[in-house]
Structures are given as C-alpha cells and as structure tokens.
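Asker: Letter 116 of the sequence shown, counting from 1, is numbered 128 in the working numbering, and no numbers are missing.
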Amino acid sequence: MEIQEEKRGIAIAYPYFTVSDTLRRLLFHLAAIKTAKKSVLIFEEPEAHAFPFYSKYLAELIAGDENNQYFISTHNPVFLLTLVEKTPKEEVQALQVYWENHQTKVRILELKKILEADYDIFFELQ
13 MEIQEEKRGI AIAYPYFTVS DTLRRLLFHL AAIKTAKKSV LIFEEPEAHA
63 FPFYSKYLAE LIAGDENNQY FISTHNPVFL LTLVEKTPKE EVQALQVYWE
113 NHQTKVRILE LKKILEADYD IFFELQ
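#1: Would you mind sorting serine 67 into buried or exposed? The rule is 16 or more other CB atoms within 10 Å of its CB.
#2: Pick out the complete beta strand (DSSP E) segments inside the stretch 88-113, 3 residues or longer, and give them in chain order.
#3: Taking only three categories from DSSP, how would you classify threonine 34?
#4: In terms of residue numbering, what span does the alpha helix (DSSP H) encompassing serine 67 cover?
#5: Using DSSP with H/G/I as helix, E/B as strand and the rest coil, what is alanine 10?
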C-alpha cells in the first residue's frame, strides 16, 4: 500500500509504513466516513495519538456529515468541544459514563454546560 502526494504536477509515492500514525488513523476514519451512507459508525477515541489539528479536522468532518449517525467515546476536550460547537444542537447528545457504588452509570450532559466549561470539561462534569 502506498500514500501518494502531488508536488508541482508530479505524483510522489510513499510506502504506507513510512507515514505517521496520525495520518494512518486519519485515513482509516476518512475511509469509514466517506464510504458509509446512512450508517451507524462507532469510533473509540478517534482523536487518540493524533496531532491536535487533525483531531479538530476529524471532529469538524463528523459534525458536518449528514449521512451517518455516530457513537463516539473521547477523553479529548478539543475534539468534544469541536463536535458540540459544529454539530446542529438538535443532532448531538453528550453522555458521561462513570462508575459509582460498583455500578456503571450514564448521565446526559447539558450542551450549554459543556460549552461553558470549555477545555476544563472533563474536570467540571460533576
């Protein structure tokens, strides 16, 4: 497998294994998003091990996708805030999953509070 880039009208190919982990993961997610239509996509921390620019880019791409439904887990405030800011409010819901008294519990988070907490969102959830 190769990655190709065009420079000054010349196609340059790179072996896939020489490409950064960020770009490999981004290509995986782009392929899933661009080839899926009317599907449910489940991503576990799609922003993990990615340079922040690409995390934000991926979140914006997901937020603008009207063809699919997403279930995403994340611990990244930039990724979460971008999703909440860029997705129409009626199309996004954020849930906090937590452990209490030997039970897994789920709580719906208010989008307004997520935006107000800004980058401290994962410290301000209580």
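In this text, a Cβ means the ideal position worked out from N, Cα and C, and glycines have one as well. Note that the structure is predicted; figures quoted are calculated from it, not measured.
Answerer: Judging by the given coordinates:
#1: To locate residue 67, count along the sequence shown from 1; it is residue 55. Buried, by the Cβ-count rule.
#2: 106-112
#3: Here residue 34 refers to the residue found at position 22 of the sequence shown. In the three-state scheme derived from DSSP, where H, G and I count as helix and E and B as strand, threonine 34 is classed as helix.
#4: In the sequence shown, counting from the first residue as 1, residue 67 sits at position 55. Looking at the DSSP string, the run of the alpha helix (DSSP H) that includes serine 67 is 64-75.
#5: The structure shown does not extend to residue 10, since the chain spans only 13 to 138, so no value can be given for it.
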